[in-house]
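**Student:** The structure that follows is given in the form of structure tokens.
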Amino acid sequence: MNKFVDGNLTVIIQDLKKLGREGGASAYLDNGDMMVLKAKYGTIRKRAFIGGKATVVDLKVDYKNILPKIKLINRNGILVAKRFRLGSSNLLKLTGSGYNRLSRKERKNRTIQKVSTPRRINVT
Numbered sequence: 001m002n003k004f005v006d007g008n009l010t011v012i013i014q015d016l017k018k019l020g021r022e023g024g025a026s027a028y029l030d031n032g033d034m035m036v037l038k039a040k041y042g043t044i045r046k047r048a049f050i051g052g053k054a055t056v057v058d059l060k061v062d063y064k065n066i067l068p069k070i071k072l073i074n075r076n077g078i079l080v081a082k083r084f085r086l087g088s089s090n091l092l093k094l095t096g097s098g099y100n101r102l103s104r105k106e107r108k109n110r111t112i113q114k115v116s117t118p119r120r121i122n123v124t
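Residue numbers (full-length UniProt numbering): 1 to 124.
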């Protein structure tokens, strides 16, 4: 388990929303279902009977209700987070690859740098 980086890299709801906004992320739940991450919620595909016919529906799930049930998170084939045991607690930790969370300090100091165009010098 040496690929887990030290520090407070426990997955929070903000991370799930950001992954959903960026796209290509999915989470696997402990009951075996796969959830597609969206910007405000997750969707789980289930079979349901509507009007007496079996169809496939997407169920909206709030992140606060489903966060304890997430086993691992993938984005574009890269393992982003995995749940593992640490003593008596069961934590969903970021692996350090595939997703990068910026701290408040990094977000505050990140500025857009102006690219200056070179001046033209007329040589005669």
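Think of the CB as a built atom: it goes at the ideal place given N, C-alpha and C, for glycine as much as any other residue.
On a predicted model such as this, the values are computed, not experimentally measured, just so you know.
Grab the span of the beta strand (DSSP E) containing L102 for me, first residue to last.
**Tutor:** Sequence index remark: in the sequence shown, residue 102 carries index 102 (1-based). For L102, there is no enclosing beta strand (DSSP E), since its DSSP letter is neither H nor E.
**Student:** Quick check on this structure: which residue in N65, I70, G98 and D15 has the alpha carbon closest to the alpha carbon of L91?
**Tutor:** Position 91 of the sequence shown, counting from 1, holds the residue named residue 91. Of N65, I70, G98 and D15, the residue nearest in Cα terms is I70.
**Student:** Suppose you measure from the CA of M35 to the CA of L102; what does that come to, to the nearest Å?
**Tutor:** Translated into the one-based positions of the sequence shown, residue 35 becomes position 35. Translated into the one-based positions of the sequence shown, residue 102 becomes position 102. Distance between the alpha carbons of M35 and L102 is about 25 Å.
**Student:** Rank G42, S88 and L72 by C-alpha distance to the C-alpha of T11 and give the top, closest one.
**Tutor:** Taking the first residue of the sequence shown as position 1, residue 11 is located at position 11. Looking at the sequence provided, one finds Val at residue 11 rather than Thr. Nearest of G42, S88 and L72 to V11, Cα basis: L72.
**Student:** Look at the Cβ atom of K18, then the Cβ atom of T43, and state whether they are nearer than 8 Å.
**Tutor:** In the sequence shown, counting from the first residue as 1, residue 18 sits at position 18. In the sequence shown, counting from the first residue as 1, residue 43 sits at position 43. Cβ distance not < 8 Å, so K18 and T43 don't count as in contact.
**Student:** Taking a contact to mean a Cβ-Cβ separation below 8 Å, would you say R45 touches D58 in this structure?
**Tutor:** Numbered from 1 along the sequence shown, position 45 holds the residue referred to as residue 45. Numbered from 1 along the sequence shown, position 58 holds the residue referred to as residue 58. Yes.
**Student:** Report yes if the CB atom of A39 is closer than 8 Å to the CB atom of G24, and no otherwise.
**Tutor:** Taking the sequence shown and counting its residues from 1, the one referred to as residue 39 is at position 39. Taking the sequence shown and counting its residues from 1, the one referred to as residue 24 is at position 24. Contact flag unset, no.
**Student:** Taking 7 Å as the limit between beta carbons, can you name the residues of its chain near R47, skipping five residues before and five after?
**Tutor:** Residue 47 sits at position 47 when you count from the first residue of the sequence shown. Setting aside the 5 residues that flank it on each side, R47 is surrounded in the same chain by A54 and V56, each with a C-beta closer than 7 Å to its C-beta; the list follows chain order.
**Student:** For A81, which residues of its own chain have a beta-carbon under 7 Å away from its beta-carbon, when the five flanking residues on both sides are left out?
**Tutor:** Residue 81 sits at position 81 when you count from the first residue of the sequence shown. Contacts found: V11, L72, I73, L92, K93, L94 and T95.
**Student:** For L37 and A27, what's the separation of their Cα atoms in angstroms?
**Tutor:** Start at 1 with the first residue of the sequence shown, and residue 37 comes out as number 37. Start at 1 with the first residue of the sequence shown, and residue 27 comes out as number 27. Whole-angstrom Cα-Cα distance: 7 Å.
**Student:** Let me know the secondary structure DSSP gives K3 once reduced to three states.
**Tutor:** One-based indexing of the sequence shown puts residue 3 at position 3. Annotation note: pLDDT 49 at K3 (below 50); position unreliable, no value reported.
**Student:** Tell me which same chain residues have a C-beta within less than 8 Å of the C-beta of N31, skipping the five on either side of it?
**Tutor:** Counting from one through the sequence shown, the residue named residue 31 turns up at place 31. K69.
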